Structures are given as structure tokens and as C-alpha cells.
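Residue numbering for the sequence shown follows UniProt numbering, starting at 1 and increasing by one per position.
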Amino acid sequence: MGNIKREPSSPTPAGTKRTASRSPSPHLHESKRQTQEKIKKQENPGVYPSYGRIKACSIRKADEMDENPPVLRLNGALENRRKVEHDEDEKCVVFWMRMHDLRIVDSRGLSFASDYAARYGIPVIILHVFSPEDYAAHDRSARRIDLILRKLHSLQEELDELNIPLYTFKAEKRREIPQLVLDFVKNNNAKHLFGNIEYEIDELFRDLQVINLANEQSIEVRLEHDNMIVPPFKVLTKTTNKPPMTYTAYLKKLYNSFHNLKSWEKMVLDDPSYRDETGRVEANDKSAREQYKVLFGKEIPNEIEGFECHDKVKMKDLWPVGPKTADEILERFLHTKNRKDATEANPLGEGAEEDVENSRIKEYANGRNITTGETTSKISPYLASGQISTRQCFNRAQKFKNGYKIDLTRDTGVGMWSEEIVWKDFYQNVLCVNPRISMGHPFLKKYRFIEWEYNDDHLEAWHKGKTGWPIVDAAMRQLISTGWMHNRMRMTVASYLCKDLMIDWREGERVFARELIDHDLGSNNGGWQWSAGTGTDAQPYFRIFNPISQSNKADPTGEYIHHWLPELRSIQPPALFEPAKHLSKNEFQKLNYPKPIVDHKFARDRALSRYKKALGKE
Numbered sequence: 001m002g003n004i005k006r007e008p009s010s011p012t013p014a015g016t017k018r019t020a021s022r023s024p025s026p027h028l029h030e031s032k033r034q035t036q037e038k039i040k041k042q043e044n045p046g047v048y049p050s051y052g053r054i055k056a057c058s059i060r061k062a063d064e065m066d067e068n069p070p071v072l073r074l075n076g077a078l079e080n081r082r083k084v085e086h087d088e089d090e091k092c093v094v095f096w097m098r099m100h101d102l103r104i105v106d107s108r109g110l111s112f113a114s115d116y117a118a119r120y121g122i123p124v125i126i127l128h129v130f131s132p133e134d135y136a137a138h139d140r141s142a143r144r145i146d147l148i149l150r151k152l153h154s155l156q157e158e159l160d161e162l163n164i165p166l167y168t169f170k171a172e173k174r175r176e177i178p179q180l181v182l183d184f185v186k187n188n189n190a191k192h193l194f195g196n197i198e199y200e201i202d203e204l205f206r207d208l209q210v211i212n213l214a215n216e217q218s219i220e221v222r223l224e225h226d227n228m229i230v231p232p233f234k235v236l237t238k239t240t241n242k243p244p245m246t247y248t249a250y251l252k253k254l255y256n257s258f259h260n261l262k263s264w265e266k267m268v269l270d271d272p273s274y275r276d277e278t279g280r281v282e283a284n285d286k287s288a289r290e291q292y293k294v295l296f297g298k299e300i301p302n303e304i305e306g307f308e309c310h311d312k313v314k315m316k317d318l319w320p321v322g323p324k325t326a327d328e329i330l331e332r333f334l335h336t337k338n339r340k341d342a343t344e345a346n347p348l349g350e351g352a353e354e355d356v357e358n359s360r361i362k363e364y365a366n367g368r369n370i371t372t373g374e375t376t377s378k379i380s381p382y383l384a385s386g387q388i389s390t391r392q393c394f395n396r397a398q399k400f401k402n403g404y405k406i407d408l409t410r411d412t413g414v415g416m417w418s419e420e421i422v423w424k425d426f427y428q429n430v431l432c433v434n435p436r437i438s439m440g441h442p443f444l445k446k447y448r449f450i451e452w453e454y455n456d457d458h459l460e461a462w463h464k465g466k467t468g469w470p471i472v473d474a475a476m477r478q479l480i481s482t483g484w485m486h487n488r489m490r491m492t493v494a495s496y497l498c499k500d501l502m503i504d505w506r507e508g509e510r511v512f513a514r515e516l517i518d519h520d521l522g523s524n525n526g527g528w529q530w531s532a533g534t535g536t537d538a539q540p541y542f543r544i545f546n547p548i549s550q551s552n553k554a555d556p557t558g559e560y561i562h563h564w565l566p567e568l569r570s571i572q573p574p575a576l577f578e579p580a581k582h583l584s585k586n587e588f589q590k591l592n593y594p595k596p597i598v599d600h601k602f603a604r605d606r607a608l609s610r611y612k613k614a615l616g617k618e
């Protein structure tokens, strides 16, 4: 197959705001005029500047945000919050459950709320707020909203047995949420509001407003760091006294924070709070049912307008919820073998064979990159929604290994999988330290002005799994069908979009956010920037995944491709990995499968040229 000539793409849409052109220089040695000239050169047919149709704030605003991260502002506001003493007028305590902590075991904010309630003999009530404006602003997927709704239904039943009401309401305008929540607190004669911190920038500013308003209204707000094993800004380098921004340095410094993690005993002796789990919320007295009968009678909706899930029945089967679902999925990962025929199966489905010596976690170091069967934990949707905590996952894996000694080596399954948990912490920390990355900006500022292709046809082909590269198309069709994708495939399709199609990584980040049932901003953003070469610990810009090489590594037998691309089931590797090249013209036409939309060699050369240009090397 010869090189495909570059087709002219659509120009940047008329009327599109080019925020970057009004922003100060991204480099200290550049004048404002030089920066504007650089942007002007990019504004030509086929290429659009990084801030064309992508949601991104100005460079100046992004950099100012980094200078005073919202999470540090929130920490300061919590330290200086108004303290309110309990008195006889306080009849209950409120816990505000968010999208990332849908559990009643090992939830630090809920545990503190429960302890406070027990201390004064008052009930705890739980609140969850639906915010469609937030869902839209953050590109929440309908499947993720559906998973959350199903979990809330399950929690309501579970809490009902504990005489604890779970009350929900919908906020039409997200700016009204802080006062609506405080009104709920006051209307139920509470004076203390508990919760767990969410690390996304909008949520941090929302909570700052909650605290400021609460201080004026004699309500005390207590928000806990619960979503990370080690809270942000705790892991610091010795030289700069700032958080390290590479994973290796973070992990090594994490060892120091955990006092080398040489033993469970030493860690607990020095700071047991890191891995300590809190128990289950305490039950209310039965009198709470009469006292708050209106709250107990509140029905949770089955869907949110604008976020209706079109395949609810399928999602319920693929991703079940229940009081013990996440725990059971983790236990299976620890104790059962790979189900070879479970490429598209319920993680608690039939056919699991217990085999501790050959369990999935034992084989994880070698099997994690294989796409066929069930080689990974599939715990991510439950971890992202907080149905199980990072501490629970980390602790249970370590206990499975040998009980006390910590294993974070890369040559064992337990060590490798435990490192994945630390990666989640790391990306959350990066998000907190550099809030600009959640505002549409790359971590590496030198890549702010990469010339990206503006080709909706290519973006659509990638999204729908019709690029002509089977491994890429199989992965994208898995995403569309299940709301989930194997991690190796996430890297493969991301590299293809950014390097082969030369489409802005933020387009892919947005597609993943809208499709994934396990979407997590820190991990999703970190993964996309890693693949694009713009992030912390990113692969070098010159490392470009080859679709054929990735096929051989991840799907050597072709089972994965055959499952998701039924039109190619008659073909075997190696022809399967590039059918347009290996088959005759007539044979290929019968497949009803597209030719590659770009030639890999051409795309690789183009990507190298674009990145070098952004770095001033060309």
C-alpha cells in the first residue's frame, strides 16, 4: 500500500474563540508579538491551534491557578473554618456523599460523621446532590451516571436497615449547590456538615464557597482527604520541598513517606493513618425513622434527564452493583484464574475457577498486556465511583501476598498491580499540584503550540472503530459496546489518535470521558497526556506505537480482534493485523472493512516533524 496523500481538512470554524492569541507568552524568552505570530502561523486550513474548539482557559489564567492551587486554598479554609459546638438545638449531623465515595465502609468523612453523631446521641443523615450542569460541563457519560444511580438505590436499601436515610435532590444550577446544601443542613436542624474532598478544580472551588457560606451561617464544615492513600502535597522532594512530578521520584519518595515501606509494623508505628481503614457506619437509633420519615420516603430516580442510558439492561448485566459487589470482584481477582471466554462478561459471571497459585493477580505481571479473556481486575468502575477504596484494594492485595511485608516490585503480580494503585494516587497528586491540566492545558508547557490536525472525518472514524487498523478499531468498539477498555488498548488508541491522526489529545480525552463507565479525571488526563507526550512521565514524543507491533503483543492469536470485529473472523494473523496489505483487492472488498485512513509511516514522519517544530528543533 502506497503512502496516503494528506487530504485537506476543514479550516477552523468561523467565530471560534482563540484564547491563546490573547494570552501572554508561554515561554519567558518570547515576546507577546512573537507568541501571537506563532499562533497566526498555525491558523491555516488543516491545522488548528491548541485552543480552537477545545475547552481551555487562557494561558495566563491557567498559570495563575498553578501559583495558588485550589486544594491548598481548601486546606487553609478548613484549618480556619468556623468551629461550632454541639448544643441541644442540634438534632442530627449531615454527611454529603459525592460521586467518588459511594460506600459506607472505609469512608473517612462518613466515619467522622458517624462518630460525631454517636458521641452526642443524634442520628446521621446522608445527602447526595444530582447536578446535570456539572455532568455536562465535565462530559460525564450516561453509563457512569446510570452506575451511580444503581449504586445509590443499593445504598438506600442497605442504609435503611441501619435506620439511616439517604436523601437526594437535583440542583438545576450548579452555582446554587453550596447554599442548597447548607439550607438542607439548617432545615434538618444540623450544625455540622461532613464530606470527602473531590480533587477536580470546579469541585474544590465549590467546597471553598460552601465553607465561606457556612462560616457566615454558624455551620461547621469538615471535609476529609479520602480518595488517596497519601493526600496531595504530602510527598515532597528534599531539594525543592515540592511534590515530585515524575512517577519514579514520587514512588521513591513515597517509600520515604512510608518509611521505606519495609514492614507493616513500621508504617503503622510511624503513621498508621495512611493505610488504616475505617469501619462500617454505625446504625441510627430506630427513633430516627419517625424523626426523619420524610427523608426516608424520598425515592431515588432511575435516570437523570439528558443523561439517559440507552442500554441500561446491558450495563446492569455487565457492571452489577450491590452491597458486596466490589469486594467480590476484588476477591475473584485475587483467587481465581483467567476466564478465557470472558472478553465481554460480567466480572462476577459464571465460569470462575479458584486457583490461588495461578490467580489473575499472580499472573498480572505477565498477563496484564494480554487483551483476551479476563487478565485484569475489572475493578476500575467501582474504584472510580468509590464503591471500594484505594486503601481497601492496596491492603487486600498486600495481605494476599504475605500479610505484612510490602511488595511494590515490578516482577510480581501483586507488586505490579499495587503500583497501579499508586499510579492513581500519583495522577491525583499531579492534578492537585498543577490544576491547569484540568483546564485544558498540557503538563509540559513547551507543547502548548503543537500543530494539530482538524479533521472531523478522522476523529469520527477513530471514535466508531473504522480506521482500517483492526487493533485500534477492536478497542474502540469494545469501548462503545461496554463502556470499558483494556488498559493496553487505551494506550494504543490514544497513541494512534495523537500521533498517527495528529488529532489533539483533548479530543480523545473528551471522547473517553463521555464513553467510559470508569472515568476518573486524574487517570484519564494523565493517561492521555502520557500517550501524547505532553504530560508528566510521558513517553517521548518520538515513541509512536505501531498498530501491528501492538497487535502482536496484545492479541497474538487474534481472538480479541475477532470478537470485536466479526467481519474479520475469517482472517488469521498476521494478515489479520493489516488485511488491506495482505489480501488481494477482491478479497479485501468482500470484508466490508475500511482501508487504513492514514499510512503509518507517513503519519509517523508527520508527527515527528510537528513535535520537533513545537520544540523549535525544526
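For glycine and all other residues, C-beta sits at the position ideal for the given N, C-alpha and C.
Please read these numbers as outputs of a predicted model, since none were measured by experiment.
From the DSSP output, in three-state form, read off W96 for me. The three-state reading of DSSP puts W96 in strand, counting E and B together.
Neighbourhood of A117 by C-beta, 8 Å cutoff - its chain only, sequence neighbours within 5 removed: C92, V93, P123, V124, E282, N284, listed in sequence order.
Cut-off 6 Å between Cβ atoms - residues of its own chain near L444, not counting five sequence neighbours on either side: Sequence-distant partners of L444 (beyond 5 residues in either direction) whose C-beta falls short of 6 Å from its own C-beta, in its chain, are T534.
In terms of residues, what are the limits of the beta strand (DSSP E) holding Y167? 166-170 is the extent of the beta strand (DSSP E) around Y167.
Ignore the nearest five residues each way along the sequence and tell me which others in R514's own chain have a CB closer than 7 Å to its CB. Once the five neighbours on either side are set aside, the close Cβ partners of R514 are D139, S141.
Taking the DSSP output, what are the residues bridged to N586? None; N586 has no bridge partner.
Among residues of its own chain, excluding the 5 on either side of L459, which ones have a beta-carbon nearer than 7 Å to its beta-carbon? I503, E507.
Any C-beta of chain C under 8 Å from that of T409: Note that chain C does not occur in the displayed structure, where there is just one protein chain.
Need the endpoints of the alpha helix (DSSP H) that L459 sits in, please. Per DSSP, L459 belongs to the alpha helix (DSSP H) from 456-464.
Please report the Cβ distance between N302 and D66, rounded to the nearest whole angstrom; I am assuming they are in contact, meaning their Cβ atoms lie under 8 Å. For N302 against D66, the beta-carbon gap comes to about 41 Å, at or over 8 Å, which does not count as contact.
Spatially closest choice to A365 from E419, H441, T343, by CA coordinates: Measuring from the Cα of A365, the nearest candidate turns out to be E419.
Is the beta carbon of L110 closer than 8 Å to that of L152? No, the Cβ-Cβ distance between L152 and L110 is not below 8 Å.
Starting from I126, trace the beta strand (DSSP E) both ways and give me its first and last residue. Membership of I126 in the beta strand (DSSP E) is indicated by the continuous run 124-130.
So which of R222, R477, C57 has the shortest CA-CA distance to H563? Ranking R222, R477, C57 by CA distance to the CA of H563 puts R477 first.
Chain-order list of residues whose beta-carbon lies under 8 Å from that of L348 (same chain, five-residue window excluded): Here the set comprises P320, T325, E328, I329, R332.
Can you give me the C-alpha to C-alpha distance between F354 and T343, rounded to a whole angstrom? Reading the sequence as shown, one finds Glu at residue 354 and not Phe. One C-alpha to the other measures close to 18 Å.
Judging by CA-CA distance, which residue of Y167, Q291, D500, I229 is the nearest neighbour of D271? Nearest neighbour of D271 by Cα position, chosen from Y167, Q291, D500, I229, turns out to be I229.
DSSP bridge partner residues for T336 (one or two, in chain order): Among the bridge pairs identified by DSSP, T336 is matched with E354.
Alpha helix (DSSP H) segment containing V71, residue limits: In the DSSP annotation of this structure, the continuous segment of the alpha helix (DSSP H) that includes V71 starts and ends at 70-79.
I'd like to know whether the C-beta atoms of D106 and T278 end up nearer to each other than 8 Å. In terms of Cβ geometry, D106 and T278 form a close pair [threshold 8 Å].
With a threshold of 7 Å on Cβ separation, who are the neighbours of G386 within its own chain once the five nearest residues in sequence on each side are excluded? Excluding residues within five positions, the ones whose Cβ falls inside 7 Å are H100, D101, L102, R103.
Under a three-way DSSP split, which group does R289 fall into? In the structure shown, R289 falls within a helical segment according to DSSP collapsed to helix, strand and coil.
Are three or more beta carbon pairs between the stretch 510-527 and the stretch 567-574 nearer than 8 Å? The answer is no - the stretch 567-574 does not touch the stretch 510-527, with fewer than three Cβ pairs under 8 Å.
Within its chain, find whatever has a CB closer than 7 Å to the CB of A62; leave out the 5 residues flanking it on each side and keep chain order. Taken in chain order, the residues that qualify are R436, M439, H441.
Rounded to whole angstroms, what is the Cα-Cα separation between G616 and F449? Near 11 Å, if we compare the C-alpha coordinates of F449 and G616.
Return helix, strand or coil for R360, following the three-state DSSP convention. R360: coil per DSSP, three-state reduction.
Residues bridged to R280 by DSSP? Secondary-structure assignment with DSSP links R280 through a beta bridge to V105.
Between N196 and the rest of its own chain, which residues show a CB-CB distance below 6 Å, the 5 nearest in sequence each way excluded? The beta carbon of N196 sits closer than 6 Å to those of D101, G109, E224, D226, all from its chain and outside the five residues before and after it, given in chain order.
Identify whether G522 lies in helix, strand or coil by the three-state DSSP scheme. In the structure shown, G522 sits in a helix (DSSP, three-state: H, G or I).
Check whether T168 and I300 have beta carbons under 8 Å apart: Yes, the pair counts as a contact, with Cβ atoms nearer than the cut-off.
Limits of the unbroken beta strand (DSSP E) element including A190: From DSSP, the beta strand (DSSP E) with A190 extends over 190-196.
I'd like to check one pair, N346 with D317: are the Cβ atoms closer than 8 Å? In this structure, N346 lies closer than 8 Å to D317 by Cβ.
Can you tell me the Cβ-Cβ gap for E451 and K613, rounded? I've got them flagged as a contact below 8 Å. Confirmed, about 7 Å.
On the premise that V414 lies in contact with I361, defined as a C-beta separation below 8 Å, what is that separation, rounded to the nearest angstrom? Sure, about 6 Å apart at Cβ, within 8 Å.
In chain order, what residues of the same chain lie with their CB nearer than 7 Å to the CB of I597, ignoring the 5 residues before and after it? The answer, listed in chain order, is H458, A461, T467, G468.
Secondary structure of L497, DSSP reduced to three states: Collapsing the DSSP output to three states places L497 in a helix.
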